[in-house]
Amino acid sequence: MQTLIKKLTIILFLVFNNSNIVFGQSRFQFPNEHRNSQKLSFQLINNIIVIPVEVNNTKLSFILDTGVDKTILFSLSENDSLGLKNVKKTSLQGLGKGKAIDALISQKNELKVGGLKNSNETIYVILKDQFELSGKMGTTIHGIIGYSLLKDVIAKINYKTKKIILYNPRDFQYKKCKKCEEFPIAFYRNKPYVDAAVQLDTIGNEMTSVKMLIDTGGSDALWLFEESYENIKTPLRHYNDILGEGLSGIIYGNRARIPKVKIGKFELLQPTVSFLDTISTLQARKFETRNGSIGSNILKRFKVWIDYPNKKLILRKCAALSGGFEYNMSGLDIVYNGEELVKEMNPEKVISYSGQNNSLENNNNTITFSASYRFKFKPSYRISKVLKNSPAGQAGIYPDDILLKINGSTVHDLSIGELINKLQSKDGKKIRLTIRRGMEILKFQFKLKKRV
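Right, here's the structure in full:
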């Protein structure tokens, strides 16, 4: 099934073809020796963490992604004047079957994350935003940051409150936590890996040990690389899909569900899993012992401490740990379509009075309450793809239809994340859509259908 979530799953495995580039020391520092922590609020969009980052004094929005070892910048408009320094040409290679793409590399830039500052940051600039992340996430996304920031801090992530606390590792001391479990992190090319175990229905009740990338930039629950072990194979019940997009093109694979995944003492039942083919993951498989990724659809069920300096990950389960896993069951891909002028009722009513005097007791006096309206720019959403033979496809919905209402709610007042939640809420749930197609307003209904 074409899903919205898959479009937000971006794993960047970078190969830099300019071998003559030499980097200076790059480090995020706290503003003074008395400051030992920095609290940040973040947006959580389809399980993806988006934080504010300043680049050369320009405020931008970046995805916080443990799956990248370099700072990536894209989505630059003519109005974005960042003053990038020491710019050279390079090329980048990522997941997917395509060739490397042209990019720029810029050195000695100043980055700020809250009160932390790095005055010597190297940035890779993708000249063409082929991911269209801003449209798929419903907000402007300028780039991705990972190892560059996390190597200098201990990060505590609370997905429920949407807060991150960055601690100075020099002063930080862990509190005792009986409900927590600590895991050693192994690094390969500055990316964190932990050990886990999965149960695959193709081999009975046996648990298979796997080494997994911790991937805060992946919105899915699990990715597994087919045949990275002999018994890691797609279950019989699955469907083929485009899983995402990498720097080098489309990533293909199979979507399925497995009985169980265990991370230490924590056990998650019936998680959704994407099985990736060998061609799309050729670059990622250069780390020969890697079997896949643990994404944010699992991580969000914990309080998470990511401690690069001490090479460890700490998890504390939340109530969401026992929640289910679902895919988008509609067959629709929906993207942000910019803003449009919307007429809406003003919450303040206009009161008009007419009469001979100010006494309300006079029968000739009248008071009139009338509603007033205002015009406001609000988000618009477009159907980008409709999967053939899906519930939405069979109902008659087409690509490029403009979505107006879902189950009676005007979509202008919903985020793209809220739309996604409605489309993966429950097997058999009735969905009613109001669509604008050209000059026509059309209504459709269908039921969500679980495929795995």
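The sequence shown begins at 1002 in our numbering and counts up one residue at a time. Ideal Cβ placement from N, Cα and C applies to all residues, glycine included. Quantities reported herein were computed from a predicted structural model and do not represent experimental measurements.
Is it a yes or a no for the region 1256-1275 touching the region 1169-1181, going by three-plus beta-carbon pairs under 8 Å? With a cut-off of 8 Å, the region 1169-1181 and the region 1256-1275 do not count as touching, because too few Cβ pairs lie within range.
Beta strand (DSSP E) segment containing Lys942, residue limits: In the structure displayed, the chain extends from 1002 to 1453; residue 942 sits before or after that span and is not available.
Compute the Euclidean distance between the alpha carbons of Ile1158 and Gly1219, then round it to the nearest angstrom. Between Ile1158 and Gly1219, the alpha-carbon positions lie close to 15 Å from each other.
Hey, does Val1336 have any beta-carbon neighbour from chain B nearer than 8 Å? Structure shown: chain B not included; a single protein chain is present.
My assumption, with CB atoms under 8 Å, is that Leu1093 sits in contact with Phe1029. Please give the rounded CB distance. No, Leu1093 and Phe1029 are not in contact; Cβ-Cβ is about 23 Å, not under 8 Å.
According to DSSP, what are the bridge partners of Arg1238? Looking at the DSSP output, Arg1238 bridges to nothing.
Can you tell me which of the three DSSP states Met1208 falls into? Met1208: strand per DSSP, three-state reduction.
For Gln1271, three-class secondary structure by DSSP: Three-state result, Gln1271: coil.
From Leu1223 to Ser1294, what does the alpha carbon distance come to, in whole angstroms? So the two alpha carbons sit approximately 6 Å from each other.
DSSP-derived helix/strand/coil call for Gln1425: Here Gln1425 carries a coil assignment [DSSP, helix/strand/coil].
Validate contact between the region 1181-1196 and the region 1060-1074 using beta carbons, cut 8 Å, 3 pairs: Enough Cβ pairs lie closer than 8 Å, so yes.
Can you tell me whether Tyr1230 is helix, strand or coil according to DSSP? In the three-state reduction of the DSSP assignment, Tyr1230 falls in the coil class.
For the structure I just gave you, are there three or more beta carbon pairs, one from the region 1195-1202 and one from the region 1231-1248, closer than 8 Å? Counting C-beta pairs closer than 8 Å gives three or more between the region 1195-1202 and the region 1231-1248, which meets the contact rule.
Separation of Gly1325 from Cys1319, as counted between CA atoms: Answer to the nearest angstrom: the Cα atoms are 13 Å apart.
For Ser1135, name the three-state secondary structure that DSSP assigns. Three-state result, Ser1135: helix.
Is DSSP giving Asn1159 helix, strand or coil here? The answer is strand: DSSP assigns Asn1159 an E or B state.
Please confirm whether Ala1257 and Val1453 have their CB atoms less than 8 Å apart. A contact, by the Cβ cut-off of 8 Å.
Straight-line Cα distance separating Phe1376 from Arg1383: Cα to Cα, Arg1383 sits roughly 21 Å from Phe1376.
Is the Cβ-Cβ distance between Lys1263 and Ala1197 less than 8 Å? Yes. Within cutoff.
The alpha helix (DSSP H) spanning Ala1320 covers which residue range? Here Ala1320 belongs to no alpha helix (DSSP H), and DSSP marks it neither H nor E.
Of all the options Tyr1230, Asn1206 and Glu1207, which has the alpha carbon lying nearest to the alpha carbon of Met1213? Ranking the options by Cα distance to Met1213, first place goes to Tyr1230.
Among all the DSSP beta bridges, which residues are the ones paired with Met1440? Per DSSP, none; premise fails for Met1440.
Can you list, in chain order, the residues of its chain whose CB lies under 8 Å from that of Arg1433, leaving out five sequence neighbours each side? Leaving aside the five residues that flank Arg1433 on each side, the residues in its chain whose CB is nearer than 8 Å to its CB run, in chain order, Lys1406, Ile1407, Asn1408, Gly1409, Lys1444, Phe1445 and Gln1446.
Can you tell me whether DSSP reads Ile1307 as helix, strand or coil? Of the three classes helix, strand and coil, the one that applies to Ile1307 here is strand, per DSSP.
Apart from the five residues just before and just after Ile1022, which ones in its own chain have a Cβ nearer than 6 Å to its Cβ? Since pLDDT at Ile1022 reaches only 44, below the 50 mark, its modelled position is unreliable, and no value is offered.
So, does the region 1331-1351 touch the region 1302-1311, judging by three or more C-beta pairs under 8 Å? In this structure the region 1331-1351 does not touch the region 1302-1311; the number of beta carbon pairs closer than 8 Å is below three.
Local conformation of Ile1518 per DSSP, three classes: In the structure as shown, the chain starts at 1002 and stops at 1453, and residue 1518 therefore has no counterpart that could be examined.
So, with DSSP's three-state summary, where would you put Pro1392? Secondary structure of Pro1392 (DSSP, three-state): helix.
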